[in-house]
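Going by numbering that gives the first Met the number 0, the sequence shown opens with residue 0, and the numbers climb by one from there. Don't be surprised by glycine CBs; every beta carbon is placed ideally from N, CA and C.
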Amino acid sequence: MNFQEILEKVEKYRIQYNNTLKDKIIEGMHQQIDEILQDTIEYKQSNDILTKIENYIDYFITSRIGGIFVLISLLSLILWITITGANYISEFLSNIFASIEVFLRNSSNLLRIPPTISSFLIDGIYKSLSMVVSVMLPPMAIFFPLFTFLEDLGLLPRIALNMDKLFKMVGAHGNQALTMMVGFGCNAAGVISTRIIKSPKERLIAIITNNFMPCNGRWPLLIMISTLFLAPLISESLNPFLGSLIAALALVASVIIGLFFTLIVSLGISKSLKSIPSFYILEIPPYRKPNLLRIIYTSIIDRTVFVLMRAIYMAIPAGAFVWFLNYFNLSTPIINFLTPFGKMFGLDGVIILSYIIALPANELVIPSLLMLYTNAKNFIDIEEFKSIYQILSTYGNWDWKIALSVMLFSILHNPCTTTILTIYKETKSIKWTAIATLLPLSIAFTVLFILNNLILKHL
């Protein structure tokens, strides 16, 4: 019997046993382990009230209804706290950067630096950096420590276990739930984390679909849109508590949308590839007391600083490029050229150009939008989100329909260049890298075309 015949027989038995053969083998192994442990180890009944409470909590979290409830509730709480606190920190940082800018301009005048060079350094590079830091750092400084706290507590593996059946239904791996959570911080890191999935096919599915999870570079834009344009639809007075709660729910909805397309695309890829799926075993760690030092290191050094430094590196060339376009009046013809295309999808030329500029890093979308809309030779000073609202509504004629289109595009569009390069390094395939890049972009444009031409057009 040659190798091809062996593969055909394996495929035949795989179909015959409905892909459960490995699960049965592993289940039998665990049953034998349990029998050996029962024969050799004496268990004492614990009357510890804390142990009983922990068991009840575990049962609720790992149940189908309870697990979903806990997942949505925790995510909503984290996002609400992030939204509530981010604006205050952003305003504080903006004031600091404004003071530094005054010092830089005075120093430039004192040193008699030529106006063009001074504008390039201060209006282009410095203000792009200050914008990225003041907009990005606040939500990261709040979101990552809270998320890391839940991770250190031992909740995330339980949530992943609860999601296992859902992913199996679309031919994916339960561990994909964990890689998606890593993608909340950075999609490139999420792609790397797929190494925990041993099956080549299921790992490929996780790599291609990780982009549908909003990364940290997209969170500031999503927070801004949900706070300024979507929350007021329900709360006109925009009571601080009610407004932030509605915005948090809108962000949870964006995650659910990303999950929906993750499952749809996973199913499509699984059906198109022929391979033997792997089984899913997840060891549930005990609950543990969170380690404050580990949380600080992981959330601040390993995640916040890593993502922020990447954004800063990307902000320098992007800021210089946008300054060049506006300083020499080159942005207007490009925007006019892109506008008819953008209108087909509920967008405009500025939005399309901003996403092209932000290809290196999603963090650059907001500062690019503001600078291009005002046709300014420098990035606009932003003291709070209301200033951003005035610019977008006045110069860009934004309303909730455009905001919704941008929000969906942000969730579904192509990955950044860092993630694209990471996908190639992990797959070693130009084909799958191209699919992982172009498939989300085509889905984004398709969804927006249907939304704007069949639904929003009649509202």
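**Prompt:** With a CB to CB cut of under 7 Å and the five nearest residues on each side skipped, what residues in its chain are close to Thr61?
**Reply:** Arg157, Leu160 and Asn161
**Request:** Kindly list the residues whose CB is nearer than 6 Å to the CB of Thr193, restricted to its own chain and excluding five residues on each side of it in sequence; keep chain order.
**Result:** Thr178, Arg202, Ala205 and Ile206
**Request:** Measure the C-alpha to C-alpha separation of Leu227 and Phe59 and round it to an integer number of angstroms.
**Result:** 36 Å
**Prompt:** Between the Cα of Ser225 and the Cα atoms of Asn210, Phe211, Leu241 and Ala188, which residue gives the shortest distance?
**Reply:** Leu241
**Prompt:** At what residues does the alpha helix (DSSP H) containing Ala187 begin and finish?
**Reply:** Asn186 to Ile191
**Prompt:** Whole alpha helix (DSSP H) runs in the stretch 385-413 with 4 or more residues, listed along the chain?
**Reply:** 399-411
**Contact check, Ala85 vs Pro137, beta carbons under 7 Å** = Yes, Cβ-Cβ distance for Ala85 and Pro137 is below 7 Å.
**Request:** Might you give, ordered along the chain, the residues of its own chain that have their beta carbon closer than 6 Å to the beta carbon of Ala52, omitting 5 neighbours on each side?
**Result:** The amino acid at residue 52 is misidentified as Ala; the sequence shows Ile. Closer than 6 Å at the Cβ level, and outside the excluded window around Ile52, lies no residue.
**Asked** Skipping 5 residues on each side, what residues in its chain have a beta carbon closer than 6 Å to that of Cys415?
**Response** Ala360 and Asn361
**Asked** What does a CB cutoff of less than 6 Å around Ile351 pick up in its chain, not counting 5 residues either side in sequence?
**Response** Only Leu337 and Gly341 meet the Cβ criterion.
**Request:** Would you kindly work out how many angstroms separate the C-alpha atoms of Ile356 and Ser428, rounded to a whole number?
**Result:** 26 Å
**Prompt:** Are the beta-carbon atoms belonging to Leu391 and Trp399 less than 7 Å from one another?
**Reply:** no
**Item:** Under the three-state DSSP convention, the category Arg287 falls into
**Value:** coil
**Item:** Selection from Arg293, Ile315 and Leu440 that minimises the alpha carbon distance to Thr147
**Value:** Relative to the Cα of Thr147, the nearest Cα in the group Arg293, Ile315 and Leu440 belongs to Arg293.
**Message:** Taking the straight line between their C-alpha atoms, what separation do you get for Lys430 and His412?
**Reply:** 18 Å
**Asked** Quick one: what does DSSP say Pro339 is sitting in, helix, strand or coil?
**Response** helix
**Message:** Less than 7 Å between the C-beta atoms of Thr200 and Leu272, yes or no?
**Reply:** Checking the sequence, you will find Lys at residue 200 rather than Thr. Against a cut-off of 7 Å, the Cβ pair of Leu272 and Lys200 comes out as a contact.
**Prompt:** Given Ala230, which residues of its chain have a CB within under 6 Å of its CB, disregarding the five upstream and five downstream residues?
**Reply:** Gly242, Ile245 and Ala246
**Request:** Please report how far the alpha carbon of Ile311 lies from the alpha carbon of Leu70, in whole angstroms.
**Result:** 32 Å
**Asked** On the premise that Phe211 lies in contact with Thr261, defined as a C-beta separation below 8 Å, what is that separation, rounded to the nearest angstrom?
**Response** 5 Å
**Asked** Along the chain, where does the alpha helix (DSSP H) that runs through Pro439 open and close?
**Response** Ile429 to Ile449
**Item:** Environment of Met370 [buried if 16+ CB atoms lie within 10 Å]
**Value:** buried
**Request:** Buried or exposed for Val304, please, with buried defined as at least 16 other CB atoms from any protein chain shown within 10 angstroms of its CB.
**Result:** exposed
**Prompt:** Which residues bound the alpha helix (DSSP H) around Pro366?
**Reply:** Val364 to Tyr372
**Request:** Tell me, to the nearest whole angstrom, how far the beta carbon of Ile410 is from that of Thr436; I am working on the premise that it is less than 8 Å.
**Result:** The pair is not a contact, with the Cβ atoms about 16 Å apart (cut-off 8 Å).
**Request:** Counting only runs of 3+ residues fully inside the stretch 118-185, write out the beta strand (DSSP E) ranges in chain order.
**Result:** As far as the stretch 118-185 is concerned, it has no whole beta strand (DSSP E) run of at least 3 residues.
**Prompt:** How is Pro114 classed by DSSP in three states: helix, strand or coil?
**Reply:** helix
**Message:** Do Pro366 and Met180 have their beta-carbon atoms positioned less than 7 Å apart in this structure?
**Reply:** Not in contact: Met180 and Pro366 (Cβ atoms no closer than 7 Å).
**Request:** Starting from Gly348, follow the alpha helix (DSSP H) in both directions and report where the run begins and ends.
**Result:** Gly348 to Ile356
**Request:** Compare the C-alpha of Leu120 against each of Thr393, Ser404 and Ile315 and name the closest.
**Result:** Ile315
**Prompt:** If you draw a straight line from the alpha carbon of Ile80 to that of Leu149, how long is it in whole angstroms?
**Reply:** 14 Å
**Asked** Which residues in the same chain as Ile333 place their Cβ atom closer than 8 Å to its Cβ, once the five residues preceding and following it in sequence are excluded?
**Response** Hits under 8 Å: Leu324, Gly348 and Leu352.
**Message:** Our contact map puts Asn460 next to Met308 with C-beta atoms below 8 Å; I'd like the distance itself, whole angstroms only.
**Reply:** Since the first residue of the chain shown is 0 and the last is 458, residue 460 is not available in this structure.
**Prompt:** Does DSSP put Gly216 in a helix, in a strand, or in coil?
**Reply:** Shown here, Gly216 sits in coil according to DSSP, grouped into three states, outside any helix or strand.
**Prompt:** For Gly66, which residues of its own chain have a beta-carbon under 6 Å away from its beta-carbon, when the five flanking residues on both sides are left out?
**Reply:** Ile60 and Asn161
**Request:** Evaluate Gln31 with the Cβ neighbour count: other Cβ atoms within 10 Å of its Cβ, from every protein chain shown; 16 or more gives buried, anything less gives exposed.
**Result:** With fewer than 16 Cβ atoms within 10 Å of its Cβ, Gln31 is classed as exposed.
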